[in-house]
Each structure stands twice: as structure tokens, then as C-alpha cells.
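**Q** The listed protein sequences derive, respectively, from chains A and B.
Residue 534 in our numbering sits at position 488 of the first sequence, with consecutive numbering throughout.
Residue 320 in our numbering sits at position 318 of the second sequence, with consecutive numbering throughout.
Glycine residues also receive a C-beta, built at the ideal position from the N, C-alpha and C atoms.
Please read all numbers here as calculations on a predicted model, not as lab measurements.
Following this message is one structure expressed as C-alpha cells.
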Amino acid sequence: MLIKLTGGRVYDPAHGIDGKVMDIYARDGRIVAKPKDTERIDQEYQLAGKVVMAGAIDMHTHIGGGKVNIARMMLPEDHRGDPVGHSELCRAGCGHAAPSTLTTGYRYAEMGYTAGFEPAVLPMNARQAHLEMGDVPIIDKGGYAMLGSDDMLLRMLAAKKDQNAINDYVAWTLHASQAMGIKVVNPGGISAFKFNQRMLDLDENNSYYQVTPREVLKTLARAVYELGVPHPLHIHGNNLGVPGNVETTLNTMLGAEGYPIHLTHIQFHSYGTEGDRKFSSGAARIAEAINQRKNVSADVGQILFGQTVTASGDNMAQFRNHAAGSPKKWVVMDIECDAGCGVVPFKYKDKNFVNALQWAIGLEIFLLVEDPWRIFLTTDHPNGAPFTSYPHLIRLLMDKTFRKEAFSRISPDAQAMSTLGSIEREYTLYEIAIMTRAGAAKLVGLHDRGHLGAGAAADITVYTDDADREKMFTKPDHVFKDGQLVVKDGSVVKVTWGATHVVKPEFDRGIEKDIAKYFDAYHTVRMEHVKVTDQHIADDGRGHVQVHECKGRREKTT
Amino acid sequence: MVIENVTCPACGLLCDDLTIETATDSAKDKLSVVKNGCHKSVVFFSRSASPTSPRVDGKPATMAQAITRSGEILRQAQMPLLGALATEVQGMRAVMSLADKAGATVDHMNSNNFMRNVQVVQNSGWQTTTLTEVRNRVDLLLVIGTDIVSTFPRFFERQIWNGETMFGQDTSKREIVYLGGDPDTTAGVAPDGRKPDVLPCAIVQLPEVIAVLRALVLGKRVVAHEVAGIAVADLEKLAARLKAARYSVVTWAAATLDFEHAELTVQNIVELVKTLNSTTRSSGLPLGGMDGEMNANQVATWTSGYPMRSSYARSWPEHDAYHLSTDVLLQSGETDALLWVSTFNPDAPPPVTQTPTIAIGHPQMKLQREPEVFIPVSVPGIDHQGIAFRMDNVVSLPLYQLRESTLPRLGEVLGEIEKTLKTN
């Protein structure tokens, strides 16, 4: 099957292509160079005047795993507001804050997204995360395995185990969890909460292990780097939501000691303590630090006003913040001496000073970070807002008139504390394509996604150019997934099952003996049963595992 | 042949350390538990599941005939109910797909029990923990309205009197308090013979006892001296112990809280736990997960957004904890076709009803009335692989295939039935 996309205006930042009118060819799911004139084109799409990009990639979205399912179970009233009936092609479900898996896949595809990465895969719950993602149709999936409050790692750090042993354990976890990267959430803090600590700053000891978050961060960042995992350590820092946490975040950047790190939903970690209410924007300092430190990238975790639900591995922070939730119900769990979770519904209000300033802080960070290859468009779905609000967020970034008008409506006290009204920058289509495609693919480590060069998967989105960017990005004309037309005029026309992306770095299998012994002594499951098999992911014809290269063990730094 | 580290789905603990000996020539489908068994697993694994034939209207039929007839019944129904739903994850995926296609309601055989918990999660939430945390952290275990072990035989062996913990705790010092009912407390006796504390009362009086305990934990003054035969002074001591404990675990089994509006008692239990967490650590531990109930709820929730008792009658899923219960739907006659799924054991046949019934499940299902259609399927965790969720709703474990069966899996049968239906 050879298809030709003719005459579209192409934005392909991976190849420096910025709005050039050109043809794209795809054969059997892959983009190919221009074929010989003698070859028959099976299907041609006339795209004159249309905007063509690779399929978008959400590098941080909570779409699968225990806490997402708890959020679903908790929110029948939210589902009732967005029922989704079945059609000839698509199955029924529900949308809004914690959509059903099926609806999640359809809606991502209908928005031009072709991949999403679940950032909090607890190793002890990894199979569930993959089962849920297995029921997310069309898009590709993957996850980051959570370490950093698990007893095994903290125990190794307390015992001053050598970095190689830790690297082996990290690699084993990537294999067992079938993950694309490693995430750390409130390093050491989820464990500390189980010992009744309520806060844990970067240089504060976990009371049991006498290990600091700084040690956890540095060790994991180094492990990820030395294993050659393309995605840098994915960090949800300490002190989420705490006024003054901008200092923690800046120190976290320093604490990485030059290793690549990705700071996630950084908006929630960019708060100062100035002003009458002791809550202010740290965006300028954060942006300046990111601009200077090339080893650091971040996604924003923008909040948008309305009802949503926060679902996080950070049970310490979620317990601390539950009183601010709405409606008043919350779940907090300790999980398997491995991790935790907390689910708290939130309603962000534009007239609420704190919420309004959070909104402004997120946008300030987007606009003040100069390099779009190192800042990513997320709402930390659903924590800041459901992913379906991305087109609105894109318009806020691309249209300063629209943004200023929105700014004028938020809490006046918050306006007074923000520089947002004076920021003139507007994102270009090229920059949006970097953030949501080329940059995201590079960050996650997907060599064959996020670009339109020969050899890439034919994940392609075609939009009608429209000055109203929200409208434009809400409803693409065409979405191709692996070369198949899956969405036309914003509606699903074919249901496929995407791949699950993973890395499997080499490691010394000898460590399995120690891990098995450890599980037999302390855990309630056998080590072998923690491992997610390819079959668990691919059963029922729901996609397959695609392994991405790790560039081998990098040179040790000391 | 001997197979180690087998997962047992006979209760919600899902112990995965069993050793099973399979088949001798003389008894081809015979399995026996040779290590880490309990009275439930021995029954589960040693039970025969010799294939039987599908039946239509009581007469032996081919699989194709049974499927055709099932499709007819579902097509003619206005409000079909897929009930019982005792299966593993892949089977449950097939159930949800069929429900969507058939415009059916889904409900589990244990919903009357676990909906008490679900309603609390939907109304006010909770703070809970999982089995490995209990095994390594608990210092005070408060057991409400159950002896645990008659339903979860190895709970104390694996979670309480385990030898070693991650954090160097002396497990023999763990404190056990039973509150409510008249439980057999043998399992709560420490290895050194120390007996657990017992505060007995009638199960139906637990609402008032728990309410008083919660009030005391909140620091309220209680004027009464006694509640349901328990001295308030004893409850005060218990409240003080809960506050002093470093990691108390408060556990209950929704199944034994068998009285009207037990969800309000569950709510008082978990709100009490939340309050304790303002100064120390405490966690709830809901005991359940029988007959694949976690599998049903988990898969239904991610697929539709709702747990059990939801319906596709109007093309999109809707959820109603009261009106969509099996009992209500059958008694009111609202349901005009029942598809009953019970794959783990033969002991849960469909209720006797006038409603046309398709029974799919264990080949030896002990039917009380011959259903319109009976389709035997293989047993998950014995005849075929699968995945099951443990009672704590977090850990899922692989189920093993231990012998060959000529019977199809549930998912295959439901998939074939679904093919005979059209989307409404």
C-alpha cells in the first residue's frame, strides 16, 4: 500500500522543515522517499493549503494504572456529564476528567495524537497499567516505571551499594515493568510518609533509611544515563504544591550534577512565598534556570479552570492537599512497600487567587523558556486539566490577544502577582510541532516517531490552517496511524491498536538471584510474578511490544 | 509433574507460592496441592472439571447450536443482564465487549457485598493499604466483624506471623484486636501463645459500636457507659491504642457486614482511619476479592468508567448501585434474559427464575434449574492462563495452566456469541 500526501505545508522540525510545501509518501505504514515515477500510488490525498505534522506525542499523561482506575471509580457524577455512546466502529464509554480507556484512545486520535506515555507505572502495578493501556485503542503507549520510594532501592542506598548494582536493579525494573523510562516521585518521600513524615526536603533524611532525596535523585539520574536509556530520569520533585518549593526545584536541578533530567509538571513546583498571601510565581527563576542548564528539560503541567481529578503516586502530597479538593472525597494508598497513590478531585477556579496564579505560572513558564526542544506541552492529564483541553492551551500559547483577554478575567490579585500580561511571545506552528512532536519523540527516545523522514512510522496529522488555533487543533482533517487513515474530519474512521514502546537495557542477570531472595523473604508475591510478559501486553490482539535501543552502557562517570 | 509458584484464585489473597502436582496416568485431570495449601486451595485444585457437553433446553447440543441459541435469546431481550461474572481479566474483557454490543447490564454475584465499599469510595473515599505493607509494617491489627481465616485461610500466616520484616520488626509482638461478631480467634494467637483481645458484639450492632469508636478517636465525649454490650471504657482503650500505634491496620470484610446500609458503617471505619492519620499512620484493609470480583470491577471501570451495576441499555454506560442490582432486575422482571458466568467453581449456579437463562461456566455447575442454554468452559488458573487482581485492588497475578482441557475459554465463547449480535 503506497499513499501520497500531496502539496501540504509541512512542519517537521526534526529535519528543520518549517512550513515547506512538499509531498510525503508512505508505504505499508512507514514514510518512504519519493518512489519511482513508474510506481502506482494506491491512494493520494490532496492537501494544498493544509498543515501537515507528525502525529502528536503526549509524553506525560495518566491514562492507565491503578490510580487512574480509582479516579474513574470515584467519579460517576463526572462521567454522567460526558456519556459516549457506541457507534458502528467505536465502543461506548465516558469522557471528561477520567475517561474510559476506549474513549481515551478515540479522543486522543481525534485530536491528532498518536502516542501517550503513562508516567507513573508502579512496578507492583505495572501489569494493570499495561492492561489498561492495552484497552486504549489507536495510539501508541508506553510508561515510566516508578522508583525512589521502593524499599529495595532505599535499602541499597542505605547500604551504600555500588552504582553498578543499582544500575542492574534499575535495568531489571525496566524489563519487569516493560517501561520506556524511569520516574521518581517525591524521591524517598512516599516511603517517608509511611514512617509518618509529612514533608521531605531535598536534603532531609528519610527517617528510617537515613537517605536524602538528593542521593536518590543523583543515583537514579546516573543509573538511567549509564544504562543508556534515552529518556532522562523523569522527576516529580519533593514538596509538590508547597509555597516556596521553587527553591527545592532549583536545588533539584543542581543536584543532578549535570546528568540529564526531566522535571515534570514543573508548574506545581514553581511557587514562591512573596506577597500578602505568601504565594507567588517562581516562573521567571525556573525558566532562567532551564534556559541556562542544557541537561534539564521540563513539561509544564498547566492547569486550566474547571473540574478535574488529581491522581498521583505522591501520597504524601495528596494527603497534605486533600482538604483543598472538590468534591470532598479522596483516596490515599500505601502500596506494597514499593510506592503509593493519592486521588483527589479538584475544581480549579479562575476567581480563586491560588488557582488563578497557578494558571498564570504555567503559562509564564511556557513563554519564558526559550528552547522549545526542552519544554513540553502537558496538563499532567488529568491533574491540571483533562487532555482534551490541549487545543485551548495551544491557543493560549499561540495567540497573545486571546491570552491577554483570558488573563484579564482571572482573580485581580493573581493578575497583580503575574507578569503574564506583559509577555508578548506567541508560539509558532514550528515551535508547537517541536513541543508536541519532534522534541517529545526525542525526549522519550522514539527514534521512529515524531518526524516525517524516510523510515519513520507514518503517524501523520493534517490540519486546516485556522487563525483560531483552538479550532484548528481540535479537529484535524486526517490522522494516519502507521499509514492507516484512522481519523477523518475529527472522527474515528478506523480502529487500530498501537504499539507499546519499551527499552530493555543490558544488565547483569545475576542480580535476579538477590531480588528473588528478597521477594521471598519480604514480599507477598514471587519475583517472577512481578514481570509483565509480552503476552500480557499483546493478548487479545491489542498491539505489540516495540523495543527501542539503549546505546549500551555509557562510560562511567567515576 | 510438580509445578512451583502457582497462583491460587480460591480466595482474594491470591497466594502465588503453591506447589501443585499434576496428573498421573490413571487420573488425567487430577491435581493436588503439595505445598503452601489451605482448605480452600485444596478443594479448588483437586476438583474435577471433566468436560461436559453444551446443552440447549436440557438436550445435548453442539457448541455452535448453543451459541446460536444464546445469540437468539440476547437479540430478543430488551434488558439482558450479564450476571455473576466470576472470571479472570481476559474473560471479563470479553464480558464488557459483549455487554456493549448486547445493550446489557453487568453485575457480579458478590455485588451485594462489595458495593458497600464501592459506595464509600464514590461518596467520601478512603485510606487503605496492601498486603506487603501489612506484612512489613502493621503493629496493631483491628479486625472488624470477621475472623478473616474462614474466608482467607492464610492471612495470619502470610501477613501477621511472618518471620522477618523489611524493617526489623518483631512480628510476635504484633497486637490483634477482634471487634464484633463471635469470631474464632485462634489464628490471632501469637506464636508465643499471647492471646488477642476480643470485643464481641452482634454483627448487626456494629454500626453503633463503630460510630462510638469513631467518636472516641475524634476526641468526642461519649455519655453512655456501654454500647452493644461493650464497655465504652474498653472502646476508649482501643481508641488510645489506635492513636498510639505507628502503623495500625483496620480490616473488615464487606461480606460479613450483612445488614441494611452497611456502607455507612464502612464509611465510619474508613473515616476513623483518616482521622488517625492526622497524627500517626493507619490504613484500612478491605477484605474481599472473592470469585473474581476485583477482576470484574477493575475491567468494567476502565472499560466503561463505572464499576459493577452498570448498563449499556441506552448505548452509553450508566451506573446505578441500587436499580441495576441482579436481585432488583430479576425480581422486578425488568430483565428479560440472564447470561450467568461462573467459571471458577461449580457451586454458584444461576438463581432459579422464569427469566430465560444462559449459564456459562464450570462444566460441573450444580444447576438448580435446567437453563435454556448451558455452555461449559475451562477453568481459569487450572485449564488456562489468565490474570487476576488481588483483594487489595493493586496487585495482579498471572494464573497458570496446569492441565489440558478440551473446553473453550470463556472469552472464546462470548466472542462467538457477540458475533451473532449487531450493534443497536
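Distance, Cα to Cα, Gly304 of chain A vs Met362 of chain A?
**A** Taking the straight line from one Cα to the other gives about 28 Å.
**Q** Quick check on this structure: which residue in B:Pro193, B:Arg95 and B:Asp186 has the alpha carbon closest to the alpha carbon of Lys175 of chain B?
**A** Looking at the Cα atoms, B:Pro193 is the closest of the given residues.
**Q** With DSSP run on the structure shown, which of helix, strand or coil describes Gly54 of chain A?
**A** Gly54 of chain A falls in the strand class under three-state DSSP.
**Q** Taking the alpha carbon of Ser313 of chain B as the reference point, which residue from A:Val576, A:Asp74, A:Gly131 and A:Val98 has its own alpha carbon closest?
**A** Nearest C-alpha to Ser313 of chain B: A:Gly131.
**Q** Given that Lys375 of chain A touches chain B, what residues does it touch there, using C-beta distances under 7 Å?
**A** Simply Asn125, Ser126 and Gly127.
**Q** Is Lys374 of chain A helix, strand or coil when you go by DSSP?
**A** Looking at Lys374 of chain A - three-state DSSP - the assignment turns out to be coil, as it is neither helix nor strand.
**Q** Quick one: using the 10 Å Cβ neighbour count with 16 as the cut-off for buried, is Tyr324 of chain B buried or exposed?
**A** With fewer than 16 Cβ atoms within 10 Å of its Cβ, Tyr324 of chain B is classed as exposed.
**Q** Under DSSP, the alpha helix (DSSP H) around Ile116 of chain A begins and ends at which residues?
**A** Its alpha helix (DSSP H) spans residues Gly112 to Met120.
**Q** Is His125 of chain A near Tyr308 of chain B, with beta carbons less than 9 Å apart?
**A** Against a cut-off of 9 Å, the Cβ pair of Tyr308 of chain B and His125 of chain A comes out as a contact.
**Q** Can you give me the C-alpha to C-alpha distance between Arg366 of chain A and Arg323 of chain A, rounded to a whole angstrom?
**A** Cα to Cα, the separation comes out at about 19 Å.
**Q** Any C-beta of chain B sitting closer than 9 Å to the C-beta of His582 of chain A?
**A** Closer than 9 Å to some Cβ of chain B, the Cβ of His582 of chain A qualifies, so yes.
**Q** Give the single residue among A:Gly386, A:Met518 and A:Ala269 whose Cα lies nearest to the Cα of Ser435 of chain A.
**A** Answer by Cα proximity: A:Met518.
**Q** Got a sec? Which residues, its chain only, sit under 7 Å from Met379 of chain A by beta carbon, not counting five neighbours each side?
**A** If we look at Met379 of chain A and ignore the five residues flanking it on each side, its Cβ neighbours are Asn361, Gly386 and Cys387.
**Q** So with Cβ pairs under 9 Å, would you call Gly194 of chain A a contact of chain B?
**A** So, not an interface residue.
**Q** Please work out which residues of its chain come closer than 6 Å, Cβ to Cβ, to Thr148 of chain B, disregarding the five sequence neighbours upstream and downstream, and give them in chain order.
**A** Once the five neighbours on either side are set aside, the close Cβ partners of Thr148 of chain B are Ala255 and Thr258.
**Q** Compute the Euclidean distance between the alpha carbons of Pro437 of chain A and Arg515 of chain A, then round it to the nearest angstrom.
**A** Rounded to the nearest angstrom, the two C-alpha atoms are 7 Å apart.
**Q** Please report how far the alpha carbon of Trp318 of chain B lies from the alpha carbon of Thr187 of chain B, in whole angstroms.
**A** Using only the alpha carbons, I get a separation of about 48 Å.
**Q** At the 9 Å Cβ level, is Glu135 of chain B part of the contact set with chain A, yes or no?
**A** Cβ-Cβ to chain A under 9 Å: yes for Glu135 of chain B.
**Q** Is the stretch 178 to 198 of chain A touching the stretch 105 to 119 of chain A in the sense that three or more CB pairs, one from each, lie closer than 8 Å?
**A** Yes: at least three Cβ pairs fall under 8 Å.
**Q** Quick test of the definition: if touching needs 3 or more C-beta pairs under 8 Å, does the stretch 271 to 291 of chain A touch the stretch 312 to 331 of chain A?
**A** Short answer: they touch.
**Q** Inspect the CB distances between the stretch 226 to 239 of chain A and the stretch 496 to 513 of chain A and report whether three or more fall short of 8 Å.
**A** In short, these stretches do not touch, since the Cβ pair count stays below three.
**Q** Please name the residues in the stretch 383 to 402 of chain A whose beta-carbon is closer than 7 Å to at least one beta-carbon of chain B, in chain order.
**A** Answer in chain order: Cys383.
**Q** In angstroms, rounded to a whole number, what distance separates the CA positions of Met65 of chain B and Ser344 of chain B?
**A** Those two C-alpha atoms are separated by around 18 Å.
**Q** Kindly say whether Ile184 of chain A, judged by its beta-carbon, lies nearer than 9 Å to any beta-carbon of chain B.
**A** Answer no: the Cβ-Cβ gap between Ile184 of chain A and chain B never drops below 9 Å.
**Q** So Gly417 of chain B packs on Gln92 of chain B, CB below 8 Å; how close in whole Å?
**A** Contact flag wrong, Cβ pair sits at about 11 Å.
**Q** Please classify His61 of chain A as buried or exposed, where buried requires at least 16 neighbouring CB atoms within 10 angstroms.
**A** By the 10 Å Cβ count, His61 of chain A comes out exposed.
**Q** What is the DSSP secondary structure of Ala68 of chain B, counted as helix, strand or coil?
**A** Correct three-state label for Ala68 of chain B: helix.
**Q** Measure how close the beta-carbons of Ile480 of chain A and Pro59 of chain A come, nearest whole angstrom, since I'm counting them as under 8 Å.
**A** Contact flag correct, Cβ pair sits at about 4 Å.
**Q** In terms of DSSP beta bridges, what is Tyr91 of chain A paired with?
**A** Per DSSP, A:Leu51.
**Q** For Trp419 of chain A, which of helix, strand or coil comes out of DSSP?
**A** It is coil, neither helix nor strand.
**Q** Does Lys563 of chain A get closer than 9 Å to chain B when you measure Cβ to Cβ?
**A** So, not an interface residue.
**Q** Between the beta-carbon of Asp47 of chain B and the beta-carbon of Val35 of chain B, is there less than 9 Å?
**A** Inspection of the sequence shows that residue 47 of chain B is occupied by Phe rather than by Asp. Taking 9 Å as the Cβ cut-off, Phe47 of chain B and Val35 of chain B qualify as a contacting pair.
**Q** Ignore the nearest five residues each way along the sequence and tell me which others in Gln121 of chain B's own chain have a CB closer than 7 Å to its CB.
**A** Taken in chain order, the residues that qualify are Glu265 and Ala323.
**Q** Please determine, among A:Arg55, A:Glu320, A:Leu51 and A:Asp459, the residue with the shortest C-alpha to C-alpha distance to Ile70 of chain A.
**A** Comparing Cα positions, the closest option is A:Leu51.
**Q** With a threshold of 9 Å between beta-carbons, can Arg243 of chain B be considered close to chain A, or not?
**A** By this cut-off, Arg243 of chain B is not an interface position.
**Q** In chain B, which residues lie less than 7 Å from Val130 of chain A when you measure between Cβ atoms?
**A** Within 7 Å Cβ-Cβ: Trp318.
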